[in-house]
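Chains as they are written, first to last, in full-length UniProt numbering: chain B, 1 to 229; chain S, 1 to 229. Scroll down for the structure; my scribbles are underneath it.
Number of protein chains: 2
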Amino acid sequence: MEQILPHLDSVFSIDCVLFGFDGKELKILLIERNEEPFKDWWALPGNIVGSDESLDQSAARILYELTGLRGIYMEQYYAFGDPGRHPQGRVITLAYYALIRLGGDKDLRPVSTYAKQANWLPITALPKLAFDHQKIYDKGLEKIKRRIKHQPIAFELLPEKFTLTQLQHVYELVLGKTLDKRNFRKKIVSFGVLKELDEKQKGVSYRAATLYRFDKRKYAKLFGKEISF
Amino acid sequence: MEQILPHLDSVFSIDCVLFGFDGKELKILLIERNEEPFKDWWALPGNIVGSDESLDQSAARILYELTGLRGIYMEQYYAFGDPGRHPQGRVITLAYYALIRLGGDKDLRPVSTYAKQANWLPITALPKLAFDHQKIYDKGLEKIKRRIKHQPIAFELLPEKFTLTQLQHVYELVLGKTLDKRNFRKKIVSFGVLKELDEKQKGVSYRAATLYRFDKRKYAKLFGKEISF
DNA sequence: AATATAGTGTGTATTTTTTACACTAAGTAA
DNA sequence: TTACTTAGTGTAAAAAATACACACTATATT
Numbered sequence: 001m002e003q004i005l006p007h008l009d010s011v012f013s014i015d016c017v018l019f020g021f022d023g024k025e026l027k028i029l030l031i032e033r034n035e036e037p038f039k040d041w042w043a044l045p046g047n048i049v050g051s052d053e054s055l056d057q058s059a060a061r062i063l064y065e066l067t068g069l070r071g072i073y074m075e076q077y078y079a080f081g082d083p084g085r086h087p088q089g090r091v092i093t094l095a096y097y098a099l100i101r102l103g104g105d106k107d108l109r110p111v112s113t114y115a116k117q118a119n120w121l122p123i124t125a126l127p128k129l130a131f132d133h134q135k136i137y138d139k140g141l142e143k144i145k146r147r148i149k150h151q152p153i154a155f156e157l158l159p160e161k162f163t164l165t166q167l168q169h170v171y172e173l174v175l176g177k178t179l180d181k182r183n184f185r186k187k188i189v190s191f192g193v194l195k196e197l198d199e200k201q202k203g204v205s206y207r208a209a210t211l212y213r214f215d216k217r218k219y220a221k222l223f224g225k226e227i228s229f
Numbered sequence: 001m002e003q004i005l006p007h008l009d010s011v012f013s014i015d016c017v018l019f020g021f022d023g024k025e026l027k028i029l030l031i032e033r034n035e036e037p038f039k040d041w042w043a044l045p046g047n048i049v050g051s052d053e054s055l056d057q058s059a060a061r062i063l064y065e066l067t068g069l070r071g072i073y074m075e076q077y078y079a080f081g082d083p084g085r086h087p088q089g090r091v092i093t094l095a096y097y098a099l100i101r102l103g104g105d106k107d108l109r110p111v112s113t114y115a116k117q118a119n120w121l122p123i124t125a126l127p128k129l130a131f132d133h134q135k136i137y138d139k140g141l142e143k144i145k146r147r148i149k150h151q152p153i154a155f156e157l158l159p160e161k162f163t164l165t166q167l168q169h170v171y172e173l174v175l176g177k178t179l180d181k182r183n184f185r186k187k188i189v190s191f192g193v194l195k196e197l198d199e200k201q202k203g204v205s206y207r208a209a210t211l212y213r214f215d216k217r218k219y220a221k222l223f224g225k226e227i228s229f
């Protein structure tokens with residue numbers, strides 16, 4: 001988002017693609033703009049980088065202001081700076097993606113005045129986006145597709161305790177293809193970063209699945225080894 | 001590089017890690033600063049982004065000013081913006097790497113006044129670098145290590161016609177490990193992006209090797225398929 | 001002409017990884 | 001007790017990765 005346009009040569013902002021998973025769908029958080037340009041359009045949340053904060057801090061602040069969440073996994077992935085990308089002047093923006101597990105829509109905080117509303121929208125049915133935000137989103141999705149194959153980031157979209165089926169579901173949604181159940185389980189277990197718990201899924205009307213947890217200590221020991229899907 | 005510091009809230013620059021290969025070693029281009037801060041230190045070449053140029057254009061211009069070269073493969077890879085990274089104020093910098101084949105040091109142009117000299121230095125013996133440029137370089141090397149495994153970028157470091165041994169040499173230098181000759185050739189040929197020429201290496205005092213060329217058309221046909229080393 | 005030198009170019013067997021594929025077990029609800 | 005729904009498991013075949021050594025060829029040297 002780039003509403004504040006002081007008369008400087010250039011403005012430096014951060015835009016965020018916040019991916020959320022509610023157990024069913026992969027969604028991103030969009031805000032409906034209440035100001036020109038692109039009034040009434042949907043846009044990625046973003047803001048100007050403060051003068052005393054690091055880039056990562058700035059991204060975390062933007063996310064916090066919108067969702068009230070802290071400690072979320074975020075990663076910088078690309079800078080967009082075409083001279084024409086903002087109709088009112090030069091705005092260079094740095095894109096971050098974040099991965100968030102959604103427990104209902106309660107995560108949403110009141111939103112600042114420049115937005116009418118903020119909403120989690122499924123990535124399978126996104127509206128037209130303001131500015132070059134479609135490009136920013138596309139590149140973000142591409143990045144997490146690539147990264148989920150090599151880094152243990154899928155867990156960031158799930159609750160602390162999860163079933164293997166849920167984990168597979170995340171992979172399938174991000175990669176955009178179905179995976180074989182037996183092969184998936186074989187592989188994910190062979191990485192040795194999961195801890196099997198003495199606990200079962202609850203509240204389901206069928207056989208309850210075993211719960212697992214991502215084991216950071218085991219993962220730390222693998223340092224250097226490549227994970228690959 | 002960040003010499004110009006107008007009294008703005010923040011300054012936005014680009015720094016470049018220019019990787020060059022001379023047939024023997026992998027080198028990067030560094031400049032020796034002639035101004036405070038970090039006077040007499042070696043630093044990555046860089047400059048302020050102009051108000052009417054895109055980020056890629058800006059990076060290309062910086063490279064051109066220093067080397068006289070155009071049409072070089074460059075890629076943006078990370079933004080560095082810690083509040084303390086520049087002693088005189090807030091400077092956010094976007095890092096690019098470039099891959100260049102060196103044909104002797106003739107590529108070097110006269111250098112602007114803020115630098116005493118510019119030099120290609122082997123990456124195996126780099127001096128201490130100004131600002132946070134060591135961090136920027138480290139991340140750049142990491143990036144090309146990763147990218148050379150999946151994208152056909154090694155050719156950018158070689159002349160148009162090259163031998164398989166030269167190509168292997170590039171991979172070994174970038175990856176920092178030796179590769180098996182037979183397996184390397186088997187694999188690289190199986191990708192199907194090389195065109196074998198009716199031409200041999202010249203001027204060597206031993207059996208001349210066959211020359212190859214990177215075949216962009218064949219590569220275009222592979223779109224979507226993953227290359228992997 | 002013979003020899004030394006230095007890098008080119010090639011094949012196969014073994015191991016590891018990836019893929020394809022289908023049924024039984026367990027728990028809940030009616 | 002039966003129907004329903006998802007959990008959980010193994011094996012065989014194919015593909016990919018690895019390990020490994022020697023003969024060939026062009027030139028330079030004597």
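A virtual CB, placed ideally from N, CA and C, is assigned to each residue, including glycine.
Local conformation of residue i per DSSP, three classes
i              : result
residue 208(S) : coil
residue 76(B)  : strand
residue 183(B) : helix
residue 17(S)  : strand
residue 44(B)  : coil
residue 215(B) : coil
residue 198(S) : strand
residue 11(S)  : strand
residue 222(S) : coil
residue 70(B)  : coil
residue 31(B)  : strand
Outcome for residue i when other beta-carbon atoms lying within 10 angstroms are tallied against a minimum of 16
i              : result
residue 197(B) : exposed
residue 67(B)  : buried
residue 15(B)  : buried
residue 95(S)  : buried
residue 194(B) : buried
residue 151(S) : exposed
residue 77(S)  : buried
residue 93(S)  : buried
residue 204(B) : exposed
residue 73(S)  : exposed
residue 166(S) : buried
residue 160(S) : exposed
residue 1(B)   : Since pLDDT at residue 1(B) reaches only 42, below the 50 mark, its modelled position is unreliable, and no value is offered.
residue 90(B)  : buried
residue 45(B)  : buried
residue 18(S)  : buried
residue 223(B) : exposed
residue 118(B) : buried
residue 156(S) : buried
Residue i: contacting residues in chain S (beta-carbon distance under 8 Å)
i              : result
residue 144(B) : Residues of chain S passing the Cβ test: none, with the nearest at roughly 16 Å.
Minimum Cβ-Cβ distance from residue i to chain S less than 8 Å
i              : result
residue 230(B) : Examination of residue 230(B) is not possible in this model, given that chain B is present from 1 through 229 alone.
residue 45(B)  : no
residue 13(B)  : no
residue 159(B) : no
Chain B contact for residue i (CB, 8 Å cutoff)
i             : result
residue 30(S) : no
residue 81(S) : yes
Within chain B, the residues that residue i reaches when beta carbons sit closer than 8 Å
i             : result
residue 53(S) : 83
Neighbour list for residue i in chain S, Cβ cutoff strictly below 9 Å
i             : result
residue 92(B) : 12, 49, 55, 92, 94
Any non-hydrogen atom of the ligand FAD closer than 7 Å to residue i Cβ
i              : result
residue 111(B) : Annotation note on the ligand FAD: not contained in the displayed structure, which lists no ligands.
Worksheet entry | Length-filtered (3 minimum) beta strand (DSSP E) runs lying within the segment 90-169 of chain B | List check, beta strand (DSSP E) in window: 91-101, 115-122.
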